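Structure first, then comments.
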Amino acid sequence: MKLSDEELLQGLVDRKILQPRQVRKAVDLKRKTGDSWEKILQDLGIEKTQILNSIAEMSGTPSINLEESVLDPEAALLVPEIMAKRYRLICTEKVGRSLILAMADPSDVFAQEYVRMRTGYDVIPKLALGDDVDRAILALYAAPVTRSGQGHVLFAEEQRPEVRTIAVDRPATVVSFPRMALSPSQAAQDAAVIEDNRKLATLCQFSTELAAIEDVEQLFLRTIEMAAAITNAEASSFLLYDEPHQLLYFKAVKGEKEDLLKRITIPMAARSIAGWVAMYRKPAIVNDVTKDPRHFRKVDEMIKFRTRSVAAVPVMGEGKLLGVLEAINKAGPDDFEVKDQEYLSILAGNVAVALQKCESLSRLRNFFLHSVEILITAIEALEPLVKGHIIRVARLATQIAMEMGIEGKELEDLCYAALMHDIGKLSQEARSMADIVKRHPVLGAEMIKEVRLLAPIVPLIRCHHERYDGSGFPEGLKGENIPLGARVLALAEAYEEWQDGGEGKKLPELFFQEQGKSHDPKAIKALRRVLQFPAGGK
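As structure tokens, this is what we get:
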């Protein structure tokens, strides 16, 4: 919950941190200087920790004191500078599949969603004082950051080497599976042939599935599940290759041992089975690790696990080592066989192609989002008097959508559409400002319709000036004929434009009286909840 100025000051008075006589002085200073509340309150003698803890308590948001925190630069730089400055946030560390975000406004769900889209990680927002966030951003992006993580005293040394071979910043995995019953021993050779054909058919089907996977985390998870299934293994793992440091490490980890396994690196040397496989680019089968000097016992000792047998193959892409795929502990009394190794090799080949595709998609996605930021700047340059309009619309549209239960890909598409809804204003076809206003939805849709990545948002941009009662443009669509995302976007933009007009803050009820009937009733109800302004409110 975001606090108003009145709520902030009254809350500090209630907690006896601010004296009633100081309130008037604080308000006068705010009006005269325009300084942040943090600075004004500190000038009045209130300690920074008191301010932070009080705001956190009043808003019900966990907080973080950046002055007492150590930032991980590798994690922090996952968020581009332009995004950090625009939304006043900084990533302090990476925990599993989540980024800890220190935010001046942790109620900004759009900023959180945008970071999630940009980085591919979930986010955990924490309240930080805005001035501290600004200083941390300045220090982070002004300082050179080396691969060892040393670049500025604010930041901790890197915990683990940076991986440059694959642009994948998500966790590899050791997944345990229940013991799988082996096929009954039969004299007929046909049974074994049938089983082999079944597994090969499964691998062929899986290769089709891989072609559709765009999420790296899902790719790793499905790969190790398949590795264990086709080899009848109790567990499996995927280790990625760090070429600069000549190491392997567990890329993603599931289960109780996640934190432990993520700290372990495997040497590229003959003293580990995976290291040997990676070093020589050859597969290996070891059915009794106690008799093999290559077994790296440190892993078992750290996670209290007993490895009995291993089948491992290198994962190669375009002649380069990407990692190692392992099946661990053959279920039942049998040993790993050559055919298990062959199954893993087929799987590794398919996965290598999928990984490289995901890397390309990641680069394309990052380029696209960076381009969006540039477009926002260009559009705002056309209308400097409403600077920040696009971000405010995107933020409000996201909040309305979440209140309506919109999530996943549909929510992501809406966020993109909200950021690009005015892109048509950059078209050279419009001859006047009136022409731009009238035609920009169609011009914007035409500008992006050939970009496959943007196909889902074309109708949202085209229809964001349609109205539920049919009074909008360009087609005069009505009711459910307007895409849901466009109805949400239309309401968000209408409300922000209404607030931008005139002097001072307007009462929301006036908007609902003036324009409420023009918009989707469900979206109107959601907007009331976002504004915490129920029907009949004043």
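My numbering puts the first residue of the sequence shown at 1413, with every later residue one more than the last.
All C-beta atoms in this analysis are idealised placements derived from N, C-alpha and C, irrespective of residue type, glycine included.
These figures come from a predicted structure and were not determined experimentally.
Distance between residue j and residue i (C-alpha atoms, nearest Å)
i	j	result
Pro1853	Lys1861	12 Å
Ala1554	Glu1493	10 Å
Tyr1526	Cys1827	8 Å
Leu1652	Asp1752	21 Å
Glu1637	Asp1608	18 Å
Arg1775	Thr1531	11 Å
Lys1444	Ser1772	52 Å
Thr1810	Leu1901	9 Å
Ala1438	Leu1808	30 Å
Arg1899	Glu1480	45 Å
Leu1659	Leu1734	11 Å
Met1495	Val1805	16 Å
Ser1471	Thr1504	21 Å
Leu1418	Ser1466	Per the sequence shown, residue 1418 should be read as Glu rather than Leu. When rounded, the distance between both Cα atoms is 14 Å.
Arg1693	Ser1757	12 Å
Asn1762	Leu1622	8 Å
Ala1641	Phe1650	14 Å
Gln1927	Leu1943	16 Å
Pro1726	Ile1802	48 Å
Lys1497	Pro1895	33 Å
Leu1430	Ser1448	16 Å
Asn1970	Tyr1880	Coverage of the chain is limited to positions 1413 through 1950, which leaves residue 1970 absent and any answer about it impossible.
Arg1777	Leu1831	15 Å
Ala1829	Lys1937	22 Å
Val1425	Leu1453	12 Å
Gly1744	Leu1631	28 Å
Cβ-based burial, residue i [other Cβ within 10 Å; buried from 16]
i	result
Met1714	exposed
Gln1524	buried
Cys1616	exposed
Asp1700	exposed
Glu1646	buried
Asp1440	exposed
Arg1610	exposed
Asn1741	buried
Met1845	exposed
Asp1951	Nothing can be reported for residue 1951, as the shown portion of the chain is limited to 1413 through 1950.
Asp1932	buried
Ile1786	exposed
Arg1709	exposed
Thr1789	exposed
Glu1841	exposed
Arg1941	exposed
Arg1864	exposed
Phe1662	buried
DSSP three-state assignment for residue i, whether helix, strand or coil
i	result
Asn1741	strand
Pro1518	coil
Phe1748	coil
Glu1450	helix
Gly1928	helix
Gly1729	strand
Gly1836	helix
Leu1678	It is worth fixing the name first, because residue 1678 is Ile in this sequence and not Leu. Three-state DSSP puts Ile1678 in a strand.
Val1736	strand
Val1805	helix
Leu1421	helix
Val1689	helix
Ala1724	strand
Val1863	coil
Cys1770	helix
Met1529	helix
Lys1611	helix
Ala1584	Note that Ala1584 scores a pLDDT of 40, beneath 50, so its modelled location is shaky; the value from the coordinates is reported in the next line. Ala1584: coil per DSSP, three-state reduction.
Lys1414	coil
Integer-rounded CB distance, given that residue j should sit under 8 Å from residue i
i	j	result
Val1966	Ala1724	One cannot answer for residue 1966 here, as it falls past the ends of the chain, which runs 1413 to 1950.
Tyr1907	Leu1872	That pair is no contact at about 17 Å.
Leu1794	Lys1821	About 31 Å; that fails the 8 Å criterion.
Asp1534	Ser1510	4 Å
Arg1706	Ala1682	6 Å
Gln1422	Leu1456	That pair is no contact at about 16 Å.
Ala1487	Leu1501	13 Å between Cβ atoms; not a contact.
Beta-bridge pairing of residue i - partner residues as DSSP gives them
i	result
Ile1791	None; Ile1791 has no bridge partner.
Phe1662	Leu1651
Ala1645	Lys1742
Asp1534	Ser1510
Glu1505	Ile1512
Leu1552	According to DSSP, which records beta bridges pairwise, Leu1552 is partnered with nothing at all.
Val1698	Val1722
Ser1475	Leu1539
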